[in-house]
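Okay, so here's the structure we're looking at.
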Amino acid sequence: MPNTLQSPPQQVQNGVSDDLLITAHAAIIAGRHFNQQASNLAKQGYMGAYPSSLGQEACQVAAALALEPADWLFPTYRDSVAVMSRGIDLAEVLSPFHGSSHCGYAPTKTHTAPEATPLATHTAHAVGLAMAAKFAGDSTVALAMCGDGSTSEGDFHEALNLAAVFEAPVVFLVQNNGYAISTPVSRQMRAASIAAKGEGYGMPAYRVDGNDFEQVYPRLHEAVERARAGGGPTLIEAMTYRMGPHTTSDNPDRYRSREEVEQWRGRDPLTRIQHQMYQRLPNAKTHIENAILAAEKIASEARTSMMQLQMPNPQDLFAHVYANPPATLSAVAEEYAQQHAAQNGENA
Numbered sequence: 001m002p003n004t005l006q007s008p009p010q011q012v013q014n015g016v017s018d019d020l021l022i023t024a025h026a027a028i029i030a031g032r033h034f035n036q037q038a039s040n041l042a043k044q045g046y047m048g049a050y051p052s053s054l055g056q057e058a059c060q061v062a063a064a065l066a067l068e069p070a071d072w073l074f075p076t077y078r079d080s081v082a083v084m085s086r087g088i089d090l091a092e093v094l095s096p097f098h099g100s101s102h103c104g105y106a107p108t109k110t111h112t113a114p115e116a117t118p119l120a121t122h123t124a125h126a127v128g129l130a131m132a133a134k135f136a137g138d139s140t141v142a143l144a145m146c147g148d149g150s151t152s153e154g155d156f157h158e159a160l161n162l163a164a165v166f167e168a169p170v171v172f173l174v175q176n177n178g179y180a181i182s183t184p185v186s187r188q189m190r191a192a193s194i195a196a197k198g199e200g201y202g203m204p205a206y207r208v209d210g211n212d213f214e215q216v217y218p219r220l221h222e223a224v225e226r227a228r229a230g231g232g233p234t235l236i237e238a239m240t241y242r243m244g245p246h247t248t249s250d251n252p253d254r255y256r257s258r259e260e261v262e263q264w265r266g267r268d269p270l271t272r273i274q275h276q277m278y279q280r281l282p283n284a285k286t287h288i289e290n291a292i293l294a295a296e297k298i299a300s301e302a303r304t305s306m307m308q309l310q311m312p313n314p315q316d317l318f319a320h321v322y323a324n325p326p327a328t329l330s331a332v333a334e335e336y337a338q339q340h341a342a343q344n345g346e347n348a
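What follows is the structure, encoded as structure tokens:
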């Protein structure tokens, strides 16, 4: 007799299937372990500093999963979990914080721009790439991530205006985590929301719960596909919270209460997606246990691979600046080489 047994049908809630929920949870918990390992490495002196995205992992993972491999991600310095969720080597993700490179991975191969430290400058770059894709007639979409503090920068407003005017296929994801370092949002703007700024530039704009993958992913995916179909840009304000310090050199107790942190800890995106798994999946416990084991391995591999990174040649600082270096730069490079040699007891 033919086997008539079939797998149970996939549940889909808010545009998130069971399989996608499992994938997202594994990426979120991997990001949680990666954030902790990277923070530990910085505290132990192996990296200068690390800007953790603890508490923002749902936004990070949703951004990566909403894109096709040919699409471009434009992350900030706090978006390492989004970068690693695109499959980029962990040592390459950490190398800029280690000081061994400006950008450990190849942007043109990974379709992931360098993690931008200057606030909001990369949003204009994302618009430029999106416009180029539109002019070329291909279906590439750019997704630019930034924080609430970036929305106070002129580059952010110029990027939104340019994208709206030229209907560029770009999505702006603003992770509103409550603070621009120590400055609360209430001291950054008088607008009712960051989403309202998008509406002011003539593009669809939405505010979503950034700590709930089942809410932030569908809105991002919808915006990406709308851009791909020629519908132009979208701004999404994801309400989330930075549960850790701004960087490992920051003391957040100076500008926010621990009670506030504990309130947001009750909205932890990892806890929420695990709760959703228990609601939807009969074997949720097994998936969660397997994801924890995989995440622990990822964190261990990140530490091992980072420890093997080599410091660059200081002279590389002067390389790739000009095709034909001017005499002034060559003179500075020579002077630096002599000083470095003297400090290390070498012959120049």
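In terms of full-length UniProt numbering, the sequence shown is residues 1 to 348.
C-beta atoms are modelled at their ideal positions from N, C-alpha and C, and glycine is treated no differently.
8 Å Cβ shell around residue i - same chain, five flanking residues per side excluded
| i | result |
| --- | --- |
| Val16 | Ala24, Phe213, Glu214, Tyr217, Pro218 |
| Ile292 | Ile29 |
| Ala348 | Summary for Ala348: the model assigns pLDDT 47, below 50, so the residue's position carries little reliability, and this model does not support an answer. |
Cα-Cα separation, residue i to residue j
| i | j | result |
| --- | --- | --- |
| His33 | Leu270 | 11 Å |
| Leu20 | Asn283 | 15 Å |
| Asn3 | Leu281 | With a pLDDT of only 37 at Asn3, under the threshold of 50, the placement of this residue in the model should not be trusted; the figure read from the coordinates follows. Computed Cα separation, rounded: 24 Å. |
| Ala327 | Pro184 | 47 Å |
| Ser100 | Ala302 | 15 Å |
| Gln310 | Thr304 | 13 Å |
| Asn40 | Lys134 | 43 Å |
| Pro8 | Leu119 | Low per-residue confidence applies at Pro8: pLDDT is 46, beneath 50, and the placement is therefore not dependable, though the value from the model is reported in the following sentence. Whole-angstrom Cα-Cα distance: 47 Å. |
| Ser249 | Asn176 | 21 Å |
| Lys43 | Phe74 | 27 Å |
| Ser257 | Ala294 | 34 Å |
| Glu222 | Asn14 | 11 Å |
| Thr121 | Pro312 | 26 Å |
| Leu143 | Phe156 | 13 Å |
| Gly230 | Ile236 | 18 Å |
| residue 437 | Leu129 | The structure shown does not extend to residue 437, since the chain spans only 1 to 348, so no value can be given for it. |
| Ile298 | Gly154 | 38 Å |
For residue i, the first and last residue of its enclosing beta strand (DSSP E)
| i | result |
| --- | --- |
| Leu173 | 170-176 |
| Val208 | 205-209 |
| Cys146 | 142-147 |
| Leu317 | Premise fails: Leu317 is in no beta strand (DSSP E) and is neither H nor E. |
Proximity of residue i and residue j at Cβ, strictly below 7 Å
| i | j | result |
| --- | --- | --- |
| Leu54 | Met243 | yes |
| Gly232 | Glu167 | yes |
| Met306 | Leu94 | yes |
| Ile288 | Gln279 | no |
| Val127 | Ala163 | yes |
| Val83 | Thr117 | no |
| Ala205 | Ala195 | yes |
| Cys59 | Gly210 | yes |
| Cys146 | Thr234 | no |
| Ala27 | Ser85 | yes |
| Gly178 | Tyr241 | yes |
| Met131 | His98 | no |
Buried or exposed by the 16-neighbour rule on C-beta atoms within 10 Å, applied to residue i
| i | result |
| --- | --- |
| Phe172 | buried |
| Thr286 | exposed |
| Tyr255 | exposed |
| Gln6 | Here Gln6 scores only 40 on pLDDT, less than 50, and its place in the model should not be relied on; the value that follows carries that caveat. Classification of Gln6: exposed, given that the 10 Å Cβ count is below 16. |
| Val61 | buried |
| Ala181 | Per the sequence shown, the amino acid found at residue 181 is Ile instead of Ala. Answer is exposed; the Cβ neighbour count stays below 16. |
| Gln308 | exposed |
| Asn324 | exposed |
| Asp316 | exposed |
| Gly345 | exposed |
| Ser150 | buried |
| Asn35 | buried |
Cβ shell of residue i (< 6 Å), same chain only, five flanking positions each side left out
| i | result |
| --- | --- |
| residue 395 | Coverage of the chain is limited to positions 1 through 348, which leaves residue 395 absent and any answer about it impossible. |
| residue 349 | Outside the displayed span of the chain (1 to 348) sits residue 349, for which this structure offers no information. |
| Leu160 | Tyr201 |
| Ser80 | Val93 |
Limits of the alpha helix (DSSP H) - the one that residue i falls within
| i | result |
| --- | --- |
| Asp71 | Asp71 -> no alpha helix (DSSP H), and no H or E assigned at all. |
| Ile298 | 284-307 |
| Met131 | 121-136 |
| residue 428 | Given a span of 1 to 348 for the chain in the structure shown, any question on residue 428 remains unanswerable. |
| Ala331 | 327-343 |
| Leu90 | 90-98 |
| Ala49 | Ala49 -> no alpha helix (DSSP H), and no H or E assigned at all. |
| Glu237 | Here Glu237 belongs to no alpha helix (DSSP H); instead the beta strand (DSSP E) covers 234-239. |
| Gln188 | Neither: Gln188 is in no alpha helix (DSSP H) and is coded neither H nor E. |
| Glu214 | 213-228 |
Residues near residue i in its chain [Cβ-Cβ closer than 7 Å; skip 5 each side]
| i | result |
| --- | --- |
| Asp18 | Gln10, Gln11, Arg280, Leu281 |
| Cys103 | Pro96, Pro114 |
| His340 | Pro314 |
| Thr247 | Ala49, Tyr50, Pro51 |
| Val321 | Leu329 |
| Glu158 | Ala124 |
| Arg272 | Asn211, Asp212 |
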